[in-house]
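Chemist: Residue numbers (the working numbering): 5 to 498.
Supplied in structure tokens, the structure appears directly below.
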């Protein structure tokens, strides 16, 4: 039985390798024969459906290899698709939007034609396929841990219990500081948004705030994760954590936030499913339907409150073109724009070196570049203000950053490495992992809650937030663990 299962996993690995090689060769053929003046309208539609097929392929191969459909990896890939290929997914079903890619200007550049869009689609698809190969290679090669003897097992259990307590007390201590700070910052943003609008939170002369508060806020969600894991979902702790998070989300929603909290919310659902109470398919579908209906009702109320409430207006608010879900997917899908611009206008344009190297150099502070005399501008700032010449953020993406550094041929190859690394630091198999490797589990989930933003951001943002949000918190936990271990040695009877 075990050999049969092992053979099945080998078959999945071989399948993914072969599919990726074939896809990459097809990509090379496409680029060799690409013409910027040809009409690719039919190709756009075919590639849109190919994206859906690729999504199904990613889920099925991951499930066959790991026996998990709902996992941190599939959550990551969900947003990877939505932000980098969301509009194309809608096009496959014949759904369009007045401000979709190809209908409006690319910031200061003309609207892309069907050829530009096709090139972007093909590049994103091969990048997703190669990223998935890297993830599959790690998942396949993950080594089974040996079974320790009784003496070693007892030591490991005691050590892990101490680690869990350290995670709990460390996160409790930190949360007493960062929760009030985070709520204070959120309320300040709410007041700012009410006066100047939502964009004023991120752009304009009113942004900034207390630097120390902003850095401490990075530990907010990781500390909530630690409270849940460290307490092993004690009911009182769970209720308090959920209450804090609910208040936080409500403030963001009233500020006009369109879903930056959604990643965290889904991760909390996944954590509850793995470590507390599994969600069966029936409940998952039921809550999914209720959530969708609730979103539509809220959207209908918002849509008709300024134009009068009558039957026709209510009906119109439920039409497909007015769907809040479809609108959200099209809005997320604008993350394709940076990739389209770089493919159309030239990718080797960032004048400050490799962005991944810069990210590691500036992990603590960007001031390091001034100290070593290296010219530098953060990728997001450079792209928006220097390259595009706009005053607001144009966004970026995991795919666009790989393209910027390695070009259209080698970027998909680099994505294999990226997929391997991201999965290696965020892999959580099952509930047992919390008992066997509590610190690794805590770090993996906390890291995923931050790195998931990279699908529509850049790596310097991730490493800096990770340093102050996870690394610093882990150092605090390690100090508390050493304190508890010494206390146990001094008072072994307790």
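For every residue, glycine included, the Cβ atom is placed at its ideal position computed from N, Cα and C.
Computed from a prediction, not measured in an experiment: that's the story for all the values here.
Taking the alpha-carbon positions, what's the residue 463 to residue 402 distance?
Modeler: Residue numbering aside, residue 463 sits at position 459 when the chain shown is read from its first letter. Residue numbering aside, residue 402 sits at position 398 when the chain shown is read from its first letter. In this structure, the straight-line span from the alpha carbon of residue 463 to that of residue 402 is close to 8 Å.
Chemist: Within 10 angstroms of its Cβ, does residue 168 collect 16 or more other Cβ (buried), or is it exposed?
Modeler: Residue mapping note: residue 168 aligns to position 164 of the chain shown, counting from 1. Around the Cβ of residue 168, a 10 Å sphere holds 16 or more other Cβ atoms; the residue is buried.
Chemist: In terms of residues, what are the limits of the alpha helix (DSSP H) holding residue 405?
Modeler: If you number the chain shown from 1, residue 405 lands on position 401. Where residue 405 is concerned, the enclosing alpha helix (DSSP H) starts and stops at 402 to 430.
Chemist: Classify residue 107: buried if its beta carbon has 16 or more other beta carbons within 10 angstroms, exposed otherwise.
Modeler: Walking along the chain shown from the start, residue 107 turns up at place 103. Result: exposed.
Chemist: Looking only at its own chain, which residues have a Cβ that is under 8 Å from the Cβ of residue 19, when we skip the five neighbours before and after it?
Modeler: Counting from one through the chain shown, the residue named residue 19 turns up at place 15. Answer for residue 19: 65, listed in chain order.
Chemist: Among the residues of its own chain, which have a CB less than 7 Å from the CB of residue 231, if the five just before and after it don't count?
Modeler: The residue labelled residue 231 in the question sits at position 227 within the chain shown. Closer than 7 Å at the Cβ level, and outside the excluded window around residue 231, lie 172, 175, 176, 179, 241 and 245.
Chemist: Across the region 127 to 138 and the region 366 to 383, are there enough close Cβ pairs to call them in contact, namely three or more that are closer than 8 Å?
Modeler: At 8 Å Cβ cutoff, the stretches do not touch.
Chemist: Take residue 37 and list the residues in its own chain whose beta-carbon comes closer than 7 Å to its own, dropping the five residues that flank it on each side.
Modeler: The residue labelled residue 37 in the question sits at position 33 within the chain shown. Here residue 37 has no same chain residue with a Cβ atom under 7 Å from its own Cβ, once five neighbours each way along the sequence are excluded.
Chemist: I believe residue 77 touches residue 459 by the beta-carbon criterion, under 8 Å. Please report the beta-carbon distance rounded to the nearest angstrom.
Modeler: As a first step, residue 77 is located in the chain shown; it is residue number 73 there, counting from the start. As a first step, residue 459 is located in the chain shown; it is residue number 455 there, counting from the start. So it is not a contact: roughly 13 Å between Cβ atoms.
Chemist: Can you check which of these residues, 166, 145, 278 and 34, is closest to residue 13 by C-alpha distance?
Modeler: For the purposes of this step, residue 13 is identified with residue 9 of the chain shown, where counting begins at 1. The closest CA to that of residue 13, considering only 166, 145, 278 and 34, is found on 145.
Chemist: As a quick exercise: from 421, 469 and 445, pick the residue whose alpha carbon is nearest that of residue 454.
Modeler: Taking the chain shown and counting its residues from 1, the one referred to as residue 454 is at position 450. Among 421, 469 and 445, the Cα nearest to that of residue 454 belongs to 469.
Chemist: Nearest-angstrom Cα distance between residue 445 and residue 73?
Modeler: Within the chain shown, residue 445 is the residue found at index 441, counting from 1. Within the chain shown, residue 73 is the residue found at index 69, counting from 1. Distance between the alpha carbons of residue 445 and residue 73 is about 19 Å.
Chemist: Below 7 Å between beta carbons: does that hold for residue 122 and residue 188?
Modeler: Translated into positions along the chain shown, residue 122 becomes position 118. Translated into positions along the chain shown, residue 188 becomes position 184. Not closer than 7 Å, so no.
Chemist: So what does DSSP say about residue 111, is it helix, strand or coil?
Modeler: Here residue 111 refers to the residue found at position 107 when the chain shown is read from its first residue. Looking at residue 111 - three-state DSSP - the assignment turns out to be coil, as it is neither helix nor strand.
Chemist: With C-beta atoms as the reference, is residue 53 less than 7 Å away from residue 96?
Modeler: The residue labelled residue 53 in the question sits at position 49 within the chain shown. The residue labelled residue 96 in the question sits at position 92 within the chain shown. Cβ atoms of residue 53 and residue 96: closer than 7 Å.
Chemist: What's the C-alpha gap between residue 100 and residue 337?
Modeler: For the purposes of this step, residue 100 is identified with residue 96 of the chain shown, where counting begins at 1. For the purposes of this step, residue 337 is identified with residue 333 of the chain shown, where counting begins at 1. If I take the Cα positions, the gap works out to 12 Å.
Chemist: For residue 105, which of helix, strand or coil comes out of DSSP?
Modeler: For this step, residue 105 is matched to residue 101 along the chain shown. Three-state DSSP puts residue 105 in a strand.
Chemist: If we ignore side chains and look at the alpha-carbon of each, how far apart do residue 456 and residue 377 end up?
Modeler: Taking the first residue of the chain shown as 1, we reach residue 456 at position 452. Taking the first residue of the chain shown as 1, we reach residue 377 at position 373. When rounded, the distance between both Cα atoms is 32 Å.
Chemist: Check each candidate in 430, 330, 276 and 83 and name the one with the smallest Cα separation from residue 243.
Modeler: Here the question's residue 243 lines up with position 239 in the chain shown. Here the closest residue by C-alpha is 276.
Chemist: Is residue 287 buried or exposed, if buried means 16 or more other CB atoms sit within 10 Å of its CB?
Modeler: Reading the chain shown from its first residue, position 283 is the one you call residue 287. The residue is exposed, with fewer than 16 neighbouring Cβ atoms inside 10 Å.
Chemist: Per DSSP, what kind of secondary structure is residue 489 in: helix, strand or coil?
Modeler: In the chain shown, the residue the question calls residue 489 occupies position 485. DSSP places residue 489 in the helix class (H, G or I) of the three-state scheme.
Chemist: Only counting the same chain, and skipping five residues up and downstream in sequence, which positions put a Cβ closer than 8 Å to that of residue 489?
Modeler: Here residue 489 corresponds to residue number 485 of the chain shown, with the count starting at 1. Only 166 meet the Cβ criterion.
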